[in-house]
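Listed in order, the protein sequences are those of chains F and H.
Numbering (our numbering) for the first sequence: 1 to 293.
Numbering (our numbering) for the second sequence: 1 to 274.
Backbone N, C-alpha and C fix where the C-beta goes; we use that ideal spot for every residue, glycine too.
Single-structure report; data block below.
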Amino acid sequence: MSQPVPVLNPAVPDPPATLAVDVAGLRKEFRRKAPRGATGPRRRKVDALAGVTFAMTRGETVAILGQNGSGKSTLVRVLSTLLLPDGGSAAVFGHDVRRDARAVRRLVNRVSVEASFFKKMSAVENLSYAARFYGMPPRRTRERIPRILEGVSFPVARRGEPMENLSRGMQQKVALARALLTAPVLLLLDEPTTGLDPRSKLEVQEFIREIRDTHDATILLCTHDLAEAEALADRVGIIDRGLLLQLEPPARLKAGYGVESLEQAFFAATGRVLADDTEDGNDGNDDERDVFA
Amino acid sequence: MMTGLRAELIGVAGVLERNLYLTKRYFWWEVAFFVWTVANTLTIVFIAKGIEAGGGTIDVNRVTTSLLIGAVIWAYLGIVFEFLTETVAWERWEGTIEYTFMAPLSRAAHLAGSAAHAVLYGLVRAVLLFAVVALFFDLSMPRADFVTALVVVLVASASFAGIGMMTAVLPLISPEKGAQLGFVVQGMMLVVSGVYYPVDVLPEWMRWISTISPATYALSGSRDAILDGAGLGSMGSELLALAVIGLVSLPIGLALFAAGERYAKRHGKLKRSG
Numbered sequence: 001m002s003q004p005v006p007v008l009n010p011a012v013p014d015p016p017a018t019l020a021v022d023v024a025g026l027r028k029e030f031r032r033k034a035p036r037g038a039t040g041p042r043r044r045k046v047d048a049l050a051g052v053t054f055a056m057t058r059g060e061t062v063a064i065l066g067q068n069g070s071g072k073s074t075l076v077r078v079l080s081t082l083l084l085p086d087g088g089s090a091a092v093f094g095h096d097v098r099r100d101a102r103a104v105r106r107l108v109n110r111v112s113v114e115a116s117f118f119k120k121m122s123a124v125e126n127l128s129y130a131a132r133f134y135g136m137p138p139r140r141t142r143e144r145i146p147r148i149l150e151g152v153s154f155p156v157a158r159r160g161e162p163m164e165n166l167s168r169g170m171q172q173k174v175a176l177a178r179a180l181l182t183a184p185v186l187l188l189l190d191e192p193t194t195g196l197d198p199r200s201k202l203e204v205q206e207f208i209r210e211i212r213d214t215h216d217a218t219i220l221l222c223t224h225d226l227a228e229a230e231a232l233a234d235r236v237g238i239i240d241r242g243l244l245l246q247l248e249p250p251a252r253l254k255a256g257y258g259v260e261s262l263e264q265a266f267f268a269a270t271g272r273v274l275a276d277d278t279e280d281g282n283d284g285n286d287d288e289r290d291v292f293a
Numbered sequence: 001m002m003t004g005l006r007a008e009l010i011g012v013a014g015v016l017e018r019n020l021y022l023t024k025r026y027f028w029w030e031v032a033f034f035v036w037t038v039a040n041t042l043t044i045v046f047i048a049k050g051i052e053a054g055g056g057t058i059d060v061n062r063v064t065t066s067l068l069i070g071a072v073i074w075a076y077l078g079i080v081f082e083f084l085t086e087t088v089a090w091e092r093w094e095g096t097i098e099y100t101f102m103a104p105l106s107r108a109a110h111l112a113g114s115a116a117h118a119v120l121y122g123l124v125r126a127v128l129l130f131a132v133v134a135l136f137f138d139l140s141m142p143r144a145d146f147v148t149a150l151v152v153v154l155v156a157s158a159s160f161a162g163i164g165m166m167t168a169v170l171p172l173i174s175p176e177k178g179a180q181l182g183f184v185v186q187g188m189m190l191v192v193s194g195v196y197y198p199v200d201v202l203p204e205w206m207r208w209i210s211t212i213s214p215a216t217y218a219l220s221g222s223r224d225a226i227l228d229g230a231g232l233g234s235m236g237s238e239l240l241a242l243a244v245i246g247l248v249s250l251p252i253g254l255a256l257f258a259a260g261e262r263y264a265k266r267h268g269k270l271k272r273s274g
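Structure follows, in structure tokens:
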């Protein structure tokens, strides 16, 4: 990674006492069609979040470990105002995600497992229009976009190429740049390195480390990757079937279960292996997983 | 307050900017689509000559021009509807919908940007279509008042945008079938609004529906202006009807979209692509 990208959001509430994230008894359920030929009701209730409670302080990095369908992405979507919770509360820097959604949106950005872009448009074009949605005028984007792309080591020569010509690793760097461009104070990273080749994965992780160390950002990282969680997070949470079972610093988490690795701690907490995604508690139903995985 | 308004206007410009990039990137698609529209319009406009060749006695110049106006307004309406419906459908296809919906831009500004692009793009396409198809016929329009026709279409555009917002919500609540349902609404307007025939020929119940369709007034106003040279001064009833329908349909469109967005966020429909 070349140079740090200065990102400071002037809209951040000042009082340090305000929690960056304050989640209490958060619930979200989905009703899904039963598989063809199944007995019982045609629709069944699935708890994606079954009363999640936790808090994050400003500047903290928290990693949430969980299998597919465990509720990680539902949590991220609720915090980014893309899903309405069914119960409990969630607030970002004191702003309730339901009642004060627009204020939350000004403070939050997200990088998901799919680097979603208009594929025919270039990196610069995608970043440029996205910044407008956050009220950033052309004068500012002309100056910031090249610096941010440089910050994520995106090659200058490829800035005008359609996104569809770029590798997944390159696209994910642009996704990180898009998230940082709006100077979020809460950065939601939903499996940002899943599916990347080892080199791209390391580059993205290095950049996350840099954001953590040099920017005024609180980071919630949802991941399958135990090493990534341990390396980047101040605290690690284990989520399973919509329940947050643990949230502790990695060393304390391992010590609590008397084990040597996070993998063992995850197994001890859930009775399952993190890498085994077929046992995700949702009967392998892709439709359900598609919604809240 | 001013800062908020400025941010909203920048957001509206962002929608226009993005769609301009897409038009540029999909340029050959645009060319192919335009050629198809020209061919489709020609098949309709040649009907007047066909009637004459079959022994019918009609004013070929007038009927040809009338059919051309109908086809062009219809193509324009289709573009406005299509772009507004694509506000959701296209973003769902590209996978960007969640990023757009989690941005702090108000939905009204977001939809206003989509509507502004649809109207600008649709007008350019409509003018080009009219000019290109007219070249195939030796049309005489000595009394045509194109400025009045343009004003009528612009005023009608607010109503089209309002109804387009109503159809744009359909892909939000039904990812699989929503866009197709938008075409159903568009088709119903085609039938009742007198695109290729006077509304007088419709059954009474369809005539009643035609009175609440903005396309009816856009078509009659444009035809009066281009065929008979009617000026703005004589367009009072059309412009009033269009203004009323616009004033009613825009807030209803926004409210329906907001309700659809809440439904999608409650049921996890934003993510699914299809």
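Identity of the residues DSSP links to residue i by a beta bridge
| i | result |
| --- | --- |
| Asn109 (chain F) | F:Leu187 |
| Thr218 (chain F) | F:Leu186 |
| Lys45 (chain F) | F:Arg31 |
| Thr100 (chain H) | According to DSSP, which records beta bridges pairwise, Thr100 (chain H) is partnered with nothing at all. |
| Ile64 (chain F) | F:Cys222, F:Gly237 |
| Phe137 (chain H) | Bridge partners of Phe137 (chain H): none, in fact. |
| Glu248 (chain F) | F:Val236 |
| His95 (chain F) | F:Val92 |
| Val21 (chain F) | F:Met56, F:Val92 |
| Ser122 (chain F) | F:Pro162 |
| Leu243 (chain F) | F:Asp240 |
| Ala50 (chain F) | F:Arg27 |
| Gly87 (chain F) | F:Arg27 |
Cutoff 6 Å; reference residue i; Cβ partners in own chain excluding five residues on either side
| i | result |
| --- | --- |
| Ala255 (chain H) | none |
| Asp283 (chain F) | Confidence at Asp283 (chain F) is low in this model, with a pLDDT of 38, below 50, so the placement of that residue is unreliable and no value is reported for it. |
| Val281 (chain H) | A query on residue 281 (chain H) cannot be resolved here, the shown segment of chain H reaching from 1 to 274 and no further. |
| Ala161 (chain H) | Ala115 |
| Gly88 (chain F) | Ala24, Gly25, Leu26, Arg27 |
| Ile211 (chain F) | Ala217 |
| Asp290 (chain F) | Bear in mind that a pLDDT of 42 at Asp290 (chain F), under 50, signals an unreliable position, so the number given afterwards is only what the model happens to contain. So no residue of the chain qualifies. |
| Gly178 (chain H) | Leu170, Pro171 |
Distance between beta carbons of residue j and residue i, contact taken as under 8 Å
| i | j | result |
| --- | --- | --- |
| Phe93 (chain F) | Thr182 (chain F) | Their Cβ separation, rounded to whole angstroms, is 15 Å, which puts Phe93 (chain F) and Thr182 (chain F) out of contact at 8 Å. |
| Ala109 (chain H) | Leu84 (chain H) | Not a contact, Cβ separation roughly 14 Å. |
| Pro192 (chain F) | Val111 (chain F) | 5 Å |
| Asp22 (chain F) | Ala63 (chain F) | Contact doesn't hold; Cβ gap of about 18 Å is too wide. |
| Ala48 (chain H) | Val60 (chain H) | 5 Å |
| Asp190 (chain F) | Lys72 (chain F) | 7 Å |
| Arg139 (chain F) | Ala13 (chain H) | Actually they are not in contact, since the Cβ atoms of Arg139 (chain F) and Ala13 (chain H) sit about 13 Å apart, beyond 8 Å. |
| Gly231 (chain H) | Thr148 (chain H) | 6 Å |
| Ala179 (chain F) | Leu149 (chain F) | At roughly 13 Å, the Cβ-Cβ gap does not stay under 8 Å, so Ala179 (chain F) and Leu149 (chain F) are not in contact. |
| Leu253 (chain F) | Gln264 (chain F) | Between Gln264 (chain F) and Leu253 (chain F) the Cβ distance is about 10 Å, and since that is not below 8 Å, they are no contact. |
| Thr41 (chain H) | Ala75 (chain H) | 7 Å |
Sequence-distant residues of its chain with Cβ nearer than 8 Å to residue i (five each side left out)
| i | result |
| --- | --- |
| Gln171 (chain F) | Ala115, Phe117, Met163 |
| Gln205 (chain F) | Thr193, Glu228, Ala231, Leu232 |
| Ile73 (chain H) | Ala126, Val153, Val195, Ala215, Ala218, Leu219, Ser222 |
| Ser140 (chain H) | Asn61 |
| Pro85 (chain F) | Leu26, Arg27, Lys28, Leu49, Val78, Val97, Arg98 |
| Gly195 (chain F) | Val113, Arg168 |
| Gly78 (chain H) | Gln186 |
| Val76 (chain F) | Arg110, Ser112, Leu188, Asp190, Leu220, Cys222 |
| Asn126 (chain F) | Phe117, Phe118, Met163, Val174, Arg178 |
Close Cβ partners of residue i (< 7 Å) along its chain, the five nearest in sequence each way excluded
| i | result |
| --- | --- |
| Val88 (chain H) | Ile97, Ala168, Pro171, Leu172 |
| Gly260 (chain H) | Val169, Leu172, Ile173 |
| Glu161 (chain F) | Ser122 |
| Ser249 (chain H) | Ser159, Gly162, Ile163 |
| Ala112 (chain H) | Val12 |
Of the listed residues the options, nearest to residue i (C-alpha basis)
| i | options | result |
| --- | --- | --- |
| Ser237 (chain H) | H:Ala264, H:Arg107, H:Ala134, H:Val155 | H:Val155 |
| Val46 (chain F) | F:Ala34, F:Thr39, F:Gly256 | F:Ala34 |
| Pro249 (chain F) | F:Pro155, F:Leu65, F:Thr39 | F:Leu65 |
| Val192 (chain H) | H:Thr211, H:Val35, H:Phe183 | H:Thr211 |
| Glu60 (chain F) | F:Gly135, F:Phe267, F:Ile219 | F:Ile219 |
| Tyr197 (chain H) | H:Ser66, H:Val133, H:Glu176 | H:Ser66 |
| Leu221 (chain F) | F:Asp213, F:Ile208, F:Ala157, F:Thr214 | F:Ile208 |
| Pro155 (chain F) | F:Glu143, F:Arg142, F:Arg144, F:Lys173 | F:Lys173 |
| Trp93 (chain H) | H:Glu176, H:Pro203, H:Tyr263 | H:Glu176 |
Tell me which residues of the segment 122 to 155 of chain F have at least one Cβ-Cβ distance to chain H shorter than 9 Å, keeping chain order. Taking 9 Å as the cut-off between beta carbons, the residues of the segment 122 to 155 of chain F near chain H are Ser122, Glu125, Asn126, Ser128, Tyr129, Ala130, Ala131, Arg132, Phe133, Tyr134, Gly135, Met136, Pro137, Pro138, in sequence order.
Closer than 8 Å, Cβ to any Cβ of chain F: which residues of the segment 16 to 47 of chain H, in chain order? Listed by position along the chain: Glu17, Arg18, Tyr21, Leu22, Arg25, Tyr26.
So if I threshold CB-CB distances at 9 Å, which residues from the segment 93 to 108 of chain H count as touching chain F? Under the 9 Å Cβ criterion, the segment 93 to 108 of chain H contributes Glu94, Gly95, Thr96, Ile97, Glu98, Tyr99, Thr100, Phe101, Met102, Ala103, Pro104, Leu105, Ser106.
Taking Cβ-Cβ distances below 7 Å as the criterion, which residues of the segment 62 to 80 of chain F are in contact with chain H? Residues are counted here when their Cβ sits less than 7 Å from a Cβ of chain H; for the segment 62 to 80 of chain F these are Ser80, given in chain order.
If contact means a Cβ-Cβ distance below 9 Å, which residues of the segment 26 to 41 of chain F contact chain H? Cβ contacts with chain H come from Lys28, Phe30, Arg31.
Where the segment 249 to 273 of chain H meets chain F: residues whose CB sits under 8 Å from a CB there: Cβ proximity to chain F below 8 Å picks out Arg262, Lys265, Arg266, His267, Gly268, Leu270, Lys271, Arg272 from the segment 249 to 273 of chain H.
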